[in-house]
Every structure is written in C-alpha cells, then in structure tokens.
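K.L.:
In this note's numbering, the protein residues as written are 20 to 207.
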Amino acid sequence: PAAGIRIKAARGRGGVVEDVFVQDVAMGRITEAAIELATDIPSFVAPNGKPPTFRNIRISNITCADARTAVRMEGLADNVLRGITLENVKVNCDEGLHCAAAQGVHLKNVSIIPRIGPVLSLKDSQEVLIDGLHNANAAGVFLDLRGRQTRNIRLCGGNGSGTDGKKGGIRPSVVLGVDVPRDALVHE
Numbered sequence: 020p021a022a023g024i025r026i027k028a029a030r031g032r033g034g035v036v037e038d039v040f041v042q043d044v045a046m047g048r049i050t051e052a053a054i055e056l057a058t059d060i061p062s063f064v065a066p067n068g069k070p071p072t073f074r075n076i077r078i079s080n081i082t083c084a085d086a087r088t089a090v091r092m093e094g095l096a097d098n099v100l101r102g103i104t105l106e107n108v109k110v111n112c113d114e115g116l117h118c119a120a121a122q123g124v125h126l127k128n129v130s131i132i133p134r135i136g137p138v139l140s141l142k143d144s145q146e147v148l149i150d151g152l153h154n155a156n157a158a159g160v161f162l163d164l165r166g167r168q169t170r171n172i173r174l175c176g177g178n179g180s181g182t183d184g185k186k187g188g189i190r191p192s193v194v195l196g197v198d199v200p201r202d203a204l205v206h207e
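#1: In this structure, does DSSP put Ser79 in helix, strand or coil?
#2: Alpha carbon to alpha carbon, how far is Ala121 from Gly102? Give it in angstroms, no decimals.
#3: Just how far apart, CA to CA, sit Lys186 and Cys175?
#4: Compare the beta carbon distance of Asn128 and Asn107 with 8 Å and say whether it is the shorter of the two.
#5: Expressed to the nearest angstrom, what Euclidean distance is found between the alpha-carbon atoms of Arg167 and Ile54?
#6: Exposed or buried, Asp97, counting other C-beta atoms within 10 Å across all chains shown (16 or more means buried)?
#7: Going by DSSP, which residues form a beta bridge with Arg74?
#8: Just the Cα atoms here: how many angstroms apart are Gly68 and Leu100?
#9: Whose C-beta lies closer than 7 Å to the C-beta of Val41 among residues of the same chain, with five residues either side of it excluded?
#10: Give the secondary structure of Pro66 by DSSP, where H, G and I count as helix, E and B as strand, and everything else as coil.
#11: In the structure shown, what three-state DSSP assignment does Pro133 receive?
#12: For the beta strand (DSSP E) that contains Val147, what are its first and last residues?
#13: Could you give the first and the last residue of the continuous beta strand (DSSP E) run that contains Arg170?
#14: Among Arg134, Ala89, Leu164, which one has its Cα closest to the Cα of Ala52?
#15: Please work out which residues of its chain come closer than 6 Å, Cβ to Cβ, to Leu13, disregarding the five sequence neighbours upstream and downstream, and give them in chain order.
Structural data, given as structure tokens:
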C-alpha cells in the first residue's frame, strides 16, 4: 500500500477532522508514508476555500517493518495541525518524521530508524514534546529544526544512557536553521 494510516484534506474540502484515535496496527512494506496527516494536498485545492482543520488525533501502538517515510504531518500556515499525539510508534524507513505547521505535538516513545537524513524534521511548529530520545545517539542528525515559527520544542527522557555510557547523558545531534529562534529548543 502507498500509505499505512492516511488522513488527508485540502483547502476548500475537508472541514473539521477531530477526535480520531487509531491504535494497535502492524504494517509490513509501505511504499510512501507509514503515517500521513496532511491538509496540504495540492491536487484538490480550492484557492479561496476554507482551510481544513485537524485536531485531537491520537495514534498509538503502531509498528511498520519498512516505509519510504516514517511520518508526514503537514498543516497549513493559516491553520496548523493541533493536538497530535504519536505514542509507542516504531518504524524502519528511508526517511524519518517530517512535520510542518503543527502545534501541540506529543511524541512519546517513538522509535524511528531512518536509512538517510534526520530522525525528526520540524518546520514552523510549536509546542512539540519529544518524550524519550530513541536513536538520539545514532551517528546522524536526530533533530532538524527549520522555520521562523518554530518554538517551544522540548526534549525530555532518554533511552537509558548517553554516548559516554553515563545515565542521562544524551545530548542528541540537532541542526537549527538560520531562521529558527535560538531559544526554540529546550532540553529537559
């Protein structure tokens, strides 16, 4: 299948999608994204239409053996995705999690193992809690932050030990884009 779990809409179509709960899904090979939440679908856009609203979406207990992209979450600048929770998600993939234009995202016990690129990429997103730094001490970039609207990204928890073998010593590799406010990221 092209996508494992997909919720999509476009400007002028879609209305409000809220209070969605998906749990206990095991996937094999997915040719695109294992999880996709997108309000930016270009083929259906009505340029002057009302933007769709996605809020209060919880996805938990998900595994995917292999996908092109682990997670794609794309909101609109004038109507961001709100209240998205991913919990107990494990994905092997070509590319990690990509999130743009979202607010109130909670990633709890999320393990993404990308073959290329960063584990997590966030753009113009606020109030993101990353609880449990799985793969934070891998050789590549763990977190790539972009966009002037990126704020209050919180890293907490860990996977037991840092790269030096001491408890609680994880300081993941993070890239901050030139337009990201310097205080956008907080290590807890």
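From the three backbone atoms N, C-alpha and C, an ideal C-beta is built for every residue, glycine too.
P.N.:
Short version:
#1: strand
#2: 8 Å
#3: Confidence at Lys186 is low in this model, with a pLDDT of 46, below 50, so its placement is unreliable and no value can be given for it.
#4: yes
#5: 26 Å
#6: exposed
#7: Glu37, Arg101
#8: 17 Å
#9: Ile24, Ile78
#10: coil
#11: strand
#12: 145 to 150
#13: 170 to 175
#14: Ala89
#15: A query on residue 13 cannot be resolved here, the shown segment of the chain reaching from 20 to 207 and no further.
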